[in-house]
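See structure below.
2 protein chains.
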Amino acid sequence: MPRSEHRERAPRQDSRRAALLDAAAALFAERGFHAASTRELAAAVGMLPGSIYCHFPSKSDLLVAVYDEGVQRIEAAVERAIDGVSDPWERLEAACAAHLEALLDGGAYARVVVRVQPEDAGDAVGALVALRDRYEKRLADLVAALDLPDANARRALRLLLLGALNWAPHWYRPGRDAPRTIVRRFMGLLARGETP
Amino acid sequence: MPRSEHRERAPRQDSRRAALLDAAAALFAERGFHAASTRELAAAVGMLPGSIYCHFPSKSDLLVAVYDEGVQRIEAAVERAIDGVSDPWERLEAACAAHLEALLDGGAYARVVVRVQPEDAGDAVGALVALRDRYEKRLADLVAALDLPDANARRALRLLLLGALNWAPHWYRPGRDAPRTIVRRFMGLLARGETP
DNA sequence: TATATAAACAAGCGATCGTTTGGTTAAAGT
DNA sequence: ACTTTAACCAAACGATCGCTTGTTTATATA
Numbered sequence: 049m050p051r052s053e054h055r056e057r058a059p060r061q062d063s064r065r066a067a068l069l070d071a072a073a074a075l076f077a078e079r080g081f082h083a084a085s086t087r088e089l090a091a092a093v094g095m096l097p098g099s100i101y102c103h104f105p106s107k108s109d110l111l112v113a114v115y116d117e118g119v120q121r122i123e124a125a126v127e128r129a130i131d132g133v134s135d136p137w138e139r140l141e142a143a144c145a146a147h148l149e150a151l152l153d154g155g156a157y158a159r160v161v162v163r164v165q166p167e168d169a170g171d172a173v174g175a176l177v178a179l180r181d182r183y184e185k186r187l188a189d190l191v192a193a194l195d196l197p198d199a200n201a202r203r204a205l206r207l208l209l210l211g212a213l214n215w216a217p218h219w220y221r222p223g224r225d226a227p228r229t230i231v232r233r234f235m236g237l238l239a240r241g242e243t244p
Numbered sequence: 049m050p051r052s053e054h055r056e057r058a059p060r061q062d063s064r065r066a067a068l069l070d071a072a073a074a075l076f077a078e079r080g081f082h083a084a085s086t087r088e089l090a091a092a093v094g095m096l097p098g099s100i101y102c103h104f105p106s107k108s109d110l111l112v113a114v115y116d117e118g119v120q121r122i123e124a125a126v127e128r129a130i131d132g133v134s135d136p137w138e139r140l141e142a143a144c145a146a147h148l149e150a151l152l153d154g155g156a157y158a159r160v161v162v163r164v165q166p167e168d169a170g171d172a173v174g175a176l177v178a179l180r181d182r183y184e185k186r187l188a189d190l191v192a193a194l195d196l197p198d199a200n201a202r203r204a205l206r207l208l209l210l211g212a213l214n215w216a217p218h219w220y221r222p223g224r225d226a227p228r229t230i231v232r233r234f235m236g237l238l239a240r241g242e243t244p
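Shown next as structure tokens:
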């Protein structure tokens with residue numbers, strides 16, 4: 049072996065990084081970024097405040113990591129949901145249902161994405177905006193597959209649905225209607241091109 | 049005069065309270081509650097940090113005052129917009145347009161209502177939730193005037209529109225489509241009972 | 001077993017937070 | 001003219017913030 053390349057295999061590296069990320073996601077989702085202190089976060093995972101910086105260079109970087117994981121989870125849930133579905137409207141509905149489920153019944157990661165504003169990350173604003181844009185572009189593709197009159201209608205439908213879904217954490221109560229049911233009712237309100 | 053009742057006329061009372069409230073609304077709307085410091089607020093109105101407490105007992109009370117004013121302004125704008133309009137769907141569209149205009153082109157007060165979460169107010173959570181509920185009940189009345197199939201559809205339509213409107217500050221850019229245009233497009237996507 | 005290194009501790013840095021206290025000013029009431 | 005008082009200043013309080021430094025512990029490799 050010329051140079052030891054077995055270094056990034058990380059034998060026992062970052063053993064508690066996952067726990068730290070989980071706790072950060074929960075705390076950011078519940079209190080918001082600024083109201084969540086690194087001390088409370090450290091206490092949640094059972095370490096001292098300074099130990100956090102063994103795993104992340106700053107609080108903002110921690111947010112970026114949580115945010116990235118959140119976007120990834122939503123994307124993955126959506127891709128899984130629309131897989132095998134061919135009808136464009138059904139694909140959109142499945143995507144919305146997956147999106148809403150990730151936000152409401154899913155972990156705290158997804159909720160951070162709609163709770164924390166990118167500006168809170170300080171210098172890392174761009175990173176968060178890029179992540180959000182990447183996902184929304186994916187959603188735009190699903191809307192583009194519908195036969196809507198024009199680009200204005202496509203944009204309006206995307207923003208209408210995205211807003212309605214992302215606002216749901218404000219009024220959703222776990223005991224009542226399931227995310228799937230909510231999305232079905234939302235889609236039922238829309239006027240599709242069909243006149244059977 | 050048995051007892052002097054001319055006390056609440058406030059001759060020169062709270063002369064700069066309005067300026068303080070304006071600055072607080074702008075700051076809370078832009079940065080969020082926790083990220084907005086009382087020192088920055090004081091600097092914005094040209095006074096020292098401690099002088100704020102001549103007008104408000106705490107930062108939370110300041111938020112409540114801003115929030116209250118915000119809800120009042122939205123309510124007033126909506127009432128003004130639907131006045132004289134009789135058709136239920138037109139009334140709803142006018143209300144949504146007024147709501148969105150208040151959020152986007154209106155002052156910072158309305159934006160605080162959808163930006164700051166009631167939990168940030170600490171002990172005054174209940175006050176903010178009550179204000180928000182009061183307005184949303186008013187919006188529910190407008191939806192109830194439509195002839196929709198059932199209560200589920202009414203609830204879904206209310207939450208769909210409310211979420212879409214309240215999320216708009218995240219993507220709205222002043223140069224582009226006007227709030228009225230946006231709402232018209234949103235309403236155009238909905239399936240109404242009419243089959244003419 | 002000896003060494004290297006990741007992970008965490010222990011302690012505290014400077015900065016900033018919301019807020020308090022006591023004094024000053026100037027205008028309004030009598 | 002005297003008193004009152006709202007408005008504000010000046011200065012600082014204790015608490016908490018994100019973060020740094022130096023050291024210790026534990027584990028895996030050699």
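If you read the protein sequences in the order shown, they are chains A and B. Following my numbering, the numbering of the first sequence begins with 49 at its first residue and continues without gaps. Following my numbering, the numbering of the second sequence begins with 49 at its first residue and continues without gaps. Glycine included, each C-beta is placed from N, C-alpha and C at the ideal position.
Chain-ordered neighbours of residue i on chain A, where CB pairs are closer than 7 Å
| i | result |
| --- | --- |
| B/F234 | A204 and L208 |
| B/L110 | Within 7 Å Cβ-Cβ: nothing; B/L110 doesn't reach chain A, min ~17 Å. |
Nearest residue (CA-CA) to residue i, options the options
| i | options | result |
| --- | --- | --- |
| A/G236 | B/V112, B/A113, B/L196 and B/W137 | B/L196 |
| A/L205 | B/R233, B/A226 and B/L190 | B/R233 |
| B/Q165 | A/R121, A/A212 and A/A83 | A/A83 |
| B/R121 | B/L148, B/E88 and B/L207 | B/L148 |
| A/K107 | A/T86, A/S99, A/V119 and A/R182 | A/T86 |
| A/R79 | B/G170, B/W137 and B/A90 | B/G170 |
| A/G174 | A/L210, A/A216, A/D116 and A/R163 | A/D116 |
| B/P222 | B/D198, B/Y183, B/G154 and B/D168 | B/G154 |
| B/T229 | A/I100, A/N200 and A/L213 | A/N200 |
| A/A226 | A/E88, A/A150, A/L209 and A/L176 | A/A150 |
| A/D168 | A/V112, A/I100 and A/S99 | A/V112 |
| A/R182 | A/W215, A/V119, A/L213 and A/N214 | A/V119 |
| B/C102 | B/G132, B/R128, B/L213 and B/A66 | B/A66 |
| A/H218 | B/R180, B/F81 and B/P217 | B/R180 |
Close Cβ partners of residue i (< 7 Å) along its chain, the five nearest in sequence each way excluded
| i | result |
| --- | --- |
| A/R64 | V93 |
| A/L110 | A72 and F104 |
| A/V114 | L69, A72, A73, F76, Y157 and V160 |
| A/Y220 | L152 |
| A/A192 | R202 |
| B/W137 | L194 and R240 |
| B/A90 | L96, P97, S99 and I100 |
| A/D62 | H103 |
C-beta neighbour in chain A for residue i, strict 8 Å
| i | result |
| --- | --- |
| B/G174 | no |
| B/G118 | no |
| B/A71 | no |
| B/A74 | no |
| B/A188 | no |
| B/A212 | yes |
Proximity test, Cβ basis, 8 Å: residue i and chain B
| i | result |
| --- | --- |
| A/L194 | no |
| A/W215 | yes |
| A/W137 | no |
| A/P244 | Its pLDDT being 43, under 50, A/P244 is placed unreliably by the model, and the measurement read from it follows with that caveat. So, not an interface residue. |
| A/A239 | yes |
| A/R55 | Because the pLDDT at A/R55 is just 32, under 50, the model does not fix this residue reliably, and the value given afterwards should be weighed accordingly. Not an interface residue. |
Contacts that residue i makes with chain B (C-beta to C-beta distance below 8 Å)
| i | result |
| --- | --- |
| A/D168 | G80 and A83 |
Listed by chain order, chain A residues near residue i by CB distance under 9 Å
| i | result |
| --- | --- |
| B/G223 | Chain A residues near B/G223: none, gap ~15 Å exceeds 9 Å. |
Partners in chain A for residue i, counting only beta-carbon separations shorter than 8 Å
| i | result |
| --- | --- |
| B/G132 | Those do not exist, as B/G132 stays about 27 Å from chain A at its closest Cβ, beyond 8 Å. |
| B/A201 | R233, G236 and L237 |
Contacts around residue i, its chain only, beta-carbon distance under 8 Å, and the 5 residues preceding and following it disregarded
| i | result |
| --- | --- |
| B/I130 | R139, A142, A143, A146 and L190 |
| A/R186 | E123 and V126 |
| A/L245 | Since the displayed chain A opens at 49 and closes at 244, residue 245 of chain A lies outside it and no answer follows. |
| A/L184 | For the record, residue 184 of chain A in the displayed sequence is Glu; it is not Leu. For A/E184, where only same-chain residues beyond five positions count, the Cβ hits under 8 Å are R206 and L210. |
Heavy atom of the ligand ATP within 7 Å of residue i beta-carbon
| i | result |
| --- | --- |
| A/V112 | What this structure holds is no ligand at all, so the ligand ATP is not there to describe. |
Proximal residues to residue i (C-beta, below 6 Å), its chain only, five neighbours per side dropped
| i | result |
| --- | --- |
| B/S134 | none |
Short of 7 Å Cβ to Cβ, which residues in the stretch 77-100 of chain A face chain B?
G80, H82 and A83
Please list, in chain order, the residues of the stretch 141-162 of chain B that have any C-beta partner in chain A closer than 7 Å.
Result list empty, no residue passes.
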